[in-house]
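Colleague: Sharing a structure here in structure tokens format.
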Amino acid sequence: MRRRRCSRTGCTSPAVATLTYVYADSTAVVGPLATYAEPHSYDLCERHAIRLTAPRGWDVVRHEGEFAEPEPSVDDLTALAEAVREAGRVDPPVEAAPAAPATGTGRRGHLRVVPGVTDE
Numbered sequence: 144m145r146r147r148r149c150s151r152t153g154c155t156s157p158a159v160a161t162l163t164y165v166y167a168d169s170t171a172v173v174g175p176l177a178t179y180a181e182p183h184s185y186d187l188c189e190r191h192a193i194r195l196t197a198p199r200g201w202d203v204v205r206h207e208g209e210f211a212e213p214e215p216s217v218d219d220l221t222a223l224a225e226a227v228r229e230a231g232r233v234d235p236p237v238e239a240a241p242a243a244p245a246t247g248t249g250r251r252g253h254l255r256v257v258p259g260v261t262d263e
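Residues are numbered in the working numbering as their position in the sequence shown, beginning at 1, plus a constant of 143.
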């Protein structure tokens, strides 16, 4: 189970809050840590979640109460067990594909090898 870290550059503290923006309302929302990391949100540690400021004209809506690091869940343990199982799996060796003939037309994926014109 992998703990998420604060998104702020140089910060290695564990994330306990999620920051999202509502651009239409000029609002920054800092709430409890989201279950899953989203591409358009930012994970913050407690220090950065509390000290966050917004640009002039924007509002900040903050979670009331303390930010707590999430407890490991059954899903986290299941994901960890599956990752260990996958890492321990041994795949059979891949056999090399037969080489294309030196003359003639051969195909490799979406490309074709066309023989050159020879002067005879």
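Where a beta carbon is used, it is the ideal one built from N, C-alpha and C, also for glycine.
In the DSSP assignment, what residue or residues form a beta bridge with Y164?
Modeller: A171
Colleague: Specify the secondary structure class of R228 as computed by DSSP and reduced to three states.
Modeller: helix
Colleague: Thinking C-beta only, is V203 closer than 8 Å to V165?
Modeller: no
Colleague: Would a C-beta distance cut-off of 8 Å place H191 and R148 closer than the cut-off?
Modeller: no
Colleague: Report the rounded CA-to-CA distance for T163 versus A230, giving the unit in angstroms.
Modeller: 35 Å
Colleague: If you drop the 5 nearest sequence neighbours on each side, which residues of the same chain put their C-beta closer than 8 Å to that of P182?
Modeller: none
Colleague: Taking the beta strand (DSSP E) that L205 falls in, what are its first and last residues?
Modeller: Reading the sequence as shown, one finds Arg at residue 205 and not Leu. Residues D202 to R205.
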